[in-house]
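> In our numbering, the protein residues as written are 42 to 324.
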């Protein structure tokens, strides 16, 4: 009932709020969530509300965040997190991992990792399983001693994450290629023993996707490999996209606004490969 206060209630989801650089004298903008009370100064802010926490990030400008009777102040490029019934965390440059169970400490299966294969009704299309390698859990994709027909076996995680408020998004994963029957990436450069597909919506609202694969066997001269890279056999190879927006632009693709899903899979005839430590680091 205070005419000098504009209050916005956010119960769930992510919003971006821009407040005028010059506010009328005495006017306050406040965001109310189940975990926090947020007073915004002039600037641009992102507020993410989940079941048990609120995250506040300042793109620029100052905000005061209160939780459980205690307050912190955040400024440009800094964020804080408030858990239910707790005080706000210390302000810090926000770093989020958008992947759940990327270390594979939990079993494969919904809701995090859906196992998919092609053809769907072919029990010999390949296997995806968690195994231990050098003391850590990894996912092994394998199809061995089977007919030389095209198959795919993979794992998919639905993301549904808005990334406009992050300055940088970096896709990271470790890859190990033990064996592949097809040289290179196949005749059409589409059958890598391990590859990923990142499906997203770009800043113009268009559906886009980016694929990138890995192989170790040299292709014949007449086969040109595109959309992938050659790495050593039987060696863990750490892949990082770097700044995803810049990487996509180098591929002729528009920058992302929302990440829809990540699929990691093996494609080809017969193969034996592994992936570990899957992360999408956003800050």
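We treat Cβ as the ideally placed atom computed from N, Cα and C, and that holds for glycine.
(1) In three-state terms, what does DSSP make of residue 287?
(2) Thinking just about the alpha-carbon of each residue, which of 90, 197 and 290 is nearest to the one in residue 149?
(3) Shortest alpha-carbon distance to residue 192 belongs to which of 162, 218 and 177?
(4) Could you tell me the distance, in whole angstroms, from the CA atom of residue 111 to the CA atom of residue 105?
(5) On the three-pair Cβ rule with 8 Å, is the region 290–302 touching the region 172–179?
(6) Out of 305, 153 and 109, point me to the one whose CA is closest to residue 74's CA.
(7) Within the same chain, show all residues whose beta-carbon is closer than 6 Å to that of residue 307, passing over the 5 residues directly before and after it, in chain order.
(8) Tell me where the beta strand (DSSP E) around residue 235 begins and ends.
(9) Among 142, 228 and 229, which one has its Cα closest to the Cα of residue 171?
(10) With a CB to CB cut of under 6 Å and the five nearest residues on each side skipped, what residues in its chain are close to residue 113?
(11) Can you give me the Cβ contacts of residue 232 inside the same chain, cut-off strictly under 6 Å, excluding the 5 residues immediately before and after it?
(12) What's the gap between the Cα of residue 100 and the Cα of residue 52?
(13) Count the other C-beta atoms from every protein chain shown that fall within 10 angstroms of the C-beta of residue 239, then say buried if there are 16 or more, exposed otherwise.
Result, derived from the coordinates:
(1) As a first step, residue 287 must be located in the chain shown, where it is residue number 246. If DSSP states are grouped into helix, strand and coil, residue 287 belongs with the helices.
(2) Working through the chain shown from its first residue, we reach residue 149 at position 108. The shortest CA-to-CA distance from residue 149 to any of 90, 197 and 290 is the one to 197.
(3) Taking the chain shown and counting its residues from 1, one reaches residue 192 at position 151. Minimum Cα distance to residue 192 is reached at 162.
(4) Numbered from 1 along the chain shown, position 70 holds the residue referred to as residue 111. Numbered from 1 along the chain shown, position 64 holds the residue referred to as residue 105. Taking the straight line from one Cα to the other gives about 10 Å.
(5) The region 290–302 makes no contact with the region 172–179: fewer than 3 CB pairs, one atom from each, lie closer than 8 Å.
(6) As a position in the chain shown, residue 74 is number 33, starting the count at 1. Of 305, 153 and 109, the residue nearest in Cα terms is 109.
(7) Start at 1 with the first residue of the chain shown, and residue 307 comes out as number 266. Shown here for residue 307: same chain residues with a beta carbon closer than 6 Å to its own, the five before and five after excluded, namely 182, 194, 234, 235 and 314 in chain order.
(8) On the chain shown, position 194 is the one that residue 235 refers to. Following the DSSP letters along the chain, one finds residue 235 inside the beta strand (DSSP E) bounded by residues 235–243.
(9) Against the chain shown, residue 171 aligns to sequence position 130. Considering only alpha carbons, the answer is 142.
(10) Counting from 1 along the chain shown, the entry for residue 113 is found at position 72. 106, 121, 129 and 132.
(11) In the chain shown, the residue the question calls residue 232 occupies position 191. Within its own chain, the residues whose Cβ lies closer than 6 Å to the Cβ of residue 232, once the five positions on either side in sequence are excluded, are 223, 226, 308 and 309, listed in chain order.
(12) If you number the chain shown from 1, residue 100 lands on position 59. If you number the chain shown from 1, residue 52 lands on position 11. Looking at the two C-alpha atoms, the distance is approximately 21 Å.
(13) As a first step, residue 239 must be located in the chain shown, where it is residue number 198. Sixteen is the threshold: when 16 or more other Cβ atoms of the shown chains lie within 10 Å of the Cβ of residue 239, as they do, the residue is buried.
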